[in-house]
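Structure record follows, encoded as structure tokens.
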Amino acid sequence: MKPETLGFFEKVYEVARQIPSGRVTSYGAIAKYLGSTKSARIVGYAMNSSGEKDVPAHRVVNRKGLLTGKHHFEGTNLMQQLLENEGVEVVDNQIQNFEALFWDPSKEI
DNA sequence: TGGTTGACTAAGT
DNA sequence: CACTTAGCCAACC
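Below you can see the structure in the form of structure tokens.
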């Protein structure tokens, strides 16, 4: 493990793997934890390649708690199913009680 | 090497 | 209050 070999993507994966089950976070939160909130797009871009990684990408949503990335999953509701399986309420692609379930890496780690 | 892309966010209309 | 515009930054072609 050479941290210097870890690109932004790998860092995102490392953080995403630490998201507790039944909790969620936002792209911006991860981006901010890695340095800058402005890199939120890069986080999303990274998750796009997380398919082959052991990353719980379904626990990462946008700042509104909306499942914006569900279209990148296999099914149309797979992302929601995974979240509900962990006890997260999801209605109309939106996480219920999002603020309570929100997991901030810069505070929780 | 340079230009395009995007699972975002904040601010403006 | 909902939609539009602009800024951002790393990876990909």
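For the first sequence, my numbering gives the first residue as 1224, with consecutive numbering after it. Where a beta carbon is used, it is the ideal one built from N, C-alpha and C, also for glycine.
{"Query": "Q1303 burial status per 10 Å Cβ neighbour count (16 or more: buried)", "Result": "buried"}
{"Query": "Buried versus exposed, by CB contacts within 10 Å (16 or more), T1248", "Result": "buried"}
{"Query": "Beta-carbon contacts of E1237 that lie in its chain and below 6 Å, excluding the five residues immediately before and after", "Result": "none"}
{"Query": "Span separating the alpha-carbon of L1229 from that of R1282", "Result": "22 Å"}
{"Query": "At least three beta-carbon pairs within less than 8 Å, the stretch 1277–1293 to the stretch 1241–1257", "Result": "yes"}
{"Query": "Which of helix, strand or coil DSSP assigns to P1328", "Result": "helix"}
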